[in-house]
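Number of protein chains: 2
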Amino acid sequence: MEEQNKVVLHGMWLSPFAKRVELALKVKNIPFNYVEEDLKNKSELLLKYNPVHKKVPVLVHNGNPVCESLVIIEYIDETWKNGPKLLPEDPYKRAQVRFWSKFMQDQLFENSVVILKTEGEAQQKAVKDMYEKLCVLEKGMKEYFPDGKPEVDDNNIGVLDIIFGSAFGAYKAHHEVLGLNMLEADKFPVLNSWLMALVELQVMKEAAPPHEKVVQFLQFLRQSALSSTSAS
Amino acid sequence: MEEQNKVVLHGMWLSPFAKRVELALKVKNIPFNYVEEDLKNKSELLLKYNPVHKKVPVLVHNGNPVCESLVIIEYIDETWKNGPKLLPEDPYKRAQVRFWSKFMQDQLFENSVVILKTEGEAQQKAVKDMYEKLCVLEKGMKEYFPDGKPEVDDNNIGVLDIIFGSAFGAYKAHHEVLGLNMLEADKFPVLNSWLMALVELQVMKEAAPPHEKVVQFLQFLRQSALSSTSAS
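Just so you know, the protein sequences line up as chains A and B, in that order.
Here the first sequence is numbered in full-length UniProt numbering, starting from 1 and rising by one per residue.
Here the second sequence is numbered in full-length UniProt numbering, starting from 1 and rising by one per residue.
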């Protein structure tokens, strides 16, 4: 019987995409085994389960793999129907959640990587791009939240909370490495208060990787990228 | 009462993304008004309804806008629960459908545009990229379809049929303009037989734009792009 609901997550500790799935499983109280992947030496299982993209996260449920973090989250919500819902019930609200999930998926991640791996003009351009996209998100979330304010508590965590929290949860480490805080309260009051509420949640605290380890890894990524650029 | 279920689609006749939504509405037998947008002179309504991306398609249902074609299709399937289902009921099959929807969304469109707008080496590179992505899709669909064969009929049209049919329905026009058929039967037997079955469906025939008009527009796009490249 136990094997019938076997859930395995293949992830990588710093991946915000894998973190989304980890949070979704924890919010829904679904027991799972975790397999840490070395992305420079991917396991045969990862290549077997995700032959198309060869990326984490992969959720394996009863031997069946599901890939792509947003697809996995919907799968989790539709398969384990008891407990907290990750998506709202109302079709129009679901559409809004899916729209903003896709916006964050498509628009935020690439810029964050560029900001981390560049300096000077290239970095300034990426910061400006990111700022403009965050302005769009700030306005969108202000309109989306009831009364313009995020409602966050341990019993009411949804897909948008999970995606946004995974993307910016390590903001202090980014600040330490880059001397830059993208989500300052005076510029982005809604996003800032949302993030401050999210990082205080028990489930977010438990899932957060250690600050010092994140700082070291981001510094390593930044230095490697900058030295390879200056050498080329 | 009539106004209570008012459905308006803002589209552009050649957009495969707008075509997806048109097909979804027609498959579900949902009456709707269609607004053709001039993408060089977008209407105030389009800018109001989709301020984030300013793109078609937008579905407006009872005054509420929904944007992004895949989000709209899920909204349609969840709102009008009677009639044919666009997504399967089983959560694992839904995840597979969402995975391949995203694959087609992310991987096929950009290459098609490059192939249309370039020649020589740049075009050859895009053709090679497209070929490799279609190999992945061919293998994926062969595994996805029961017995490795597409099952297509007028009463059984799903999201993947809609996305694939919208992307490649005008393959004859592309062939005429480019002298190139990406989906030849000997290279892609599954995808080719799938497409041949789809273009014979009544709903696909009714939604297909006139061949000559597509040829003229593709030729215009190609010539404009090539002359601006050679002039730069």
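Ideal placement from N, C-alpha and C gives every residue a C-beta, glycine not left out.
Treat the numbers as computed from the prediction; the structure is a model and nothing was measured.
For His61 of chain A, the enclosing beta strand (DSSP E) stretches over residues Val58 to His61. When the five nearest sequence neighbours on each side are left out, the beta carbons in the same chain lying within less than 6 Å of the beta carbon of Gln107 of chain A are those of Lys133, in order along the chain.
In the three-state reduction of the DSSP assignment, Glu36 of chain A falls in the strand class, which pools E and B. Close partners of Pro91 of chain A in chain B (Cβ separation under 7 Å): Tyr75, Glu78 and Thr79. Under the DSSP assignment, Val114 of chain B falls in the alpha helix (DSSP H) whose first and last residues are Phe109 to Lys117.
Below the 9 Å Cβ cutoff, chain A contributes Glu68, Leu70 and Val71 as neighbours of Lys102 of chain B, in chain order. By the Cβ criterion, the stretch 32 to 43 of chain A is not in contact with the stretch 52 to 61 of chain B, since fewer than three pairs of Cβ atoms, one from each stretch, lie closer than 8 Å. Counting other Cβ atoms within 10 Å of its Cβ, Gly120 of chain B stays below 16 and is therefore classed as exposed. Secondary structure of Pro146 of chain A (DSSP, three-state): helix. Among the residues facing chain B, Arg20 of chain A is not included, as its CB has no counterpart in that chain under 8 Å away.
Under the three-state reduction of DSSP output, Gly11 of chain B falls in the strand class. Using a Cβ-Cβ cut-off of 8 Å, Ala24 of chain A does not count as an interface residue toward chain B, since no Cβ of chain B sits closer than that to its own. The beta carbon of Val52 of chain A sits closer than 8 Å to some beta carbon of chain B. Counting along the chain, the unbroken beta strand (DSSP E) around Asn64 of chain B starts and ends at Asn64 to Cys67. Only exposed fits Gly148 of chain B, as fewer than 16 other CB atoms lie within 10 angstroms of its CB. Where Pro16 of chain A is concerned, the enclosing alpha helix (DSSP H) starts and stops at Pro16 to Val27. Contact annotation, Lys117 of chain B with Arg222 of chain B: C-beta distance approximately 6 Å; criterion of less than 8 Å satisfied. Excluding sequence positions up to five before and after Ser15 of chain A, its CB lies within less than 6 Å of the CB of Val56, all in the same chain and listed in chain order.
For the 8 Å CB-CB criterion, Glu74 of chain A and Arg20 of chain B do not form a contact.
Residue A:Lys172 holds the alpha-carbon nearest to the alpha-carbon of Glu212 of chain A among A:Ser193, A:Lys172 and A:Leu195.
At least one CB of chain A lies nearer than 8 Å to the CB of Ala95 of chain B. In the three-state reduction of the DSSP assignment, Asn5 of chain B falls in the helix class. By a beta-carbon distance limit of 8 Å, Asn111 of chain A contacts Asp129 of chain A. Their separation comes to about 5 Å. Rounded to the nearest angstrom, the Cβ distance from Glu138 of chain B to Leu191 of chain B is 5 Å, consistent with a contact under 8 Å.
By the rule that beta-carbons nearer than 8 Å mark a contact, Gly140 of chain B touches chain A. Taking a 10 Å sphere around the C-beta of Thr79 of chain B, we find 16 or more other C-beta atoms and assign the residue as buried.
With its beta carbon less than 8 Å from one in chain B, Asn64 of chain A belongs to the interface. With fewer than 16 other Cβ atoms from the protein chains shown falling within 10 Å of its own Cβ, Gly179 of chain B counts as exposed.
Gly158 of chain B is classed as buried because its beta carbon has at least 16 other beta carbons within 10 Å across all chains shown. Asn181 of chain B carries a coil assignment under DSSP once its states are collapsed to helix, strand and coil. Beta-bridge annotation (DSSP): Asp129 of chain B is not paired with any residue. DSSP places Asn156 of chain A within a strand segment (E or B) once states are collapsed to three. The C-alpha of Ala167 of chain A is placed about 13 Å away from the C-alpha of Glu22 of chain A.
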